[in-house]
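Residue numbers (this note's numbering): 1 to 97. Here a beta-carbon is modelled for each residue, glycine too, at the ideal position from N, C-alpha and C. Below: one structure, written as structure tokens.
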Amino acid sequence: MTTTQNEGASDMNWDRMTVMFERLSAMQKCIRRGMTDDAGYWFFALCEIGFTKAALTRLRIIAHEDVGTGDITTATSCPVSMYERTIASLARIAAES
Numbered sequence: 001m002t003t004t005q006n007e008g009a010s011d012m013n014w015d016r017m018t019v020m021f022e023r024l025s026a027m028q029k030c031i032r033r034g035m036t037d038d039a040g041y042w043f044f045a046l047c048e049i050g051f052t053k054a055a056l057t058r059l060r061i062i063a064h065e066d067v068g069t070g071d072i073t074t075a076t077s078c079p080v081s082m083y084e085r086t087i088a089s090l091a092r093i094a095a096e097s
């Protein structure tokens, strides 16, 4: 591969990451402003481009910042199966809407 091709790949990854962070930020702002439908839109927009785990991680962070937890072990443990259950629940809710 030439240097130009490597730079192009790097730019493409940078663009993809920029889109992810912009969507994460939009989702978080909507949650904090009580705009639930819009927050759901941004969540699913992240899922569509393959950043489901990042979206769920951000939701977990928001919950800890805004709601908190009284048990530090609960705050630090979130098994993958929890991600899967969350996605299944959100998909079911979206289908019912």
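Practice item. Give the C-beta separation of Trp42 and Ala26 to the nearest angstrom, bearing in mind that I take them to be a contact with Cβ-Cβ under 8 Å. Key: 5 Å
Review point. Under a three-way DSSP split, which group does Gly34 fall into?
Key: coil
**Study point:** Contact check, Ile62 vs Ile31, beta carbons under 8 Å
**Key:** yes
Review point. In chain order, what residues of the same chain have a beta carbon less than 8 Å from the beta carbon of Val19, not counting five sequence neighbours either side?
Key: Ile49
Check your understanding: CB Ala55 to CB Leu24, shorter than 8 Å?
Key -> yes
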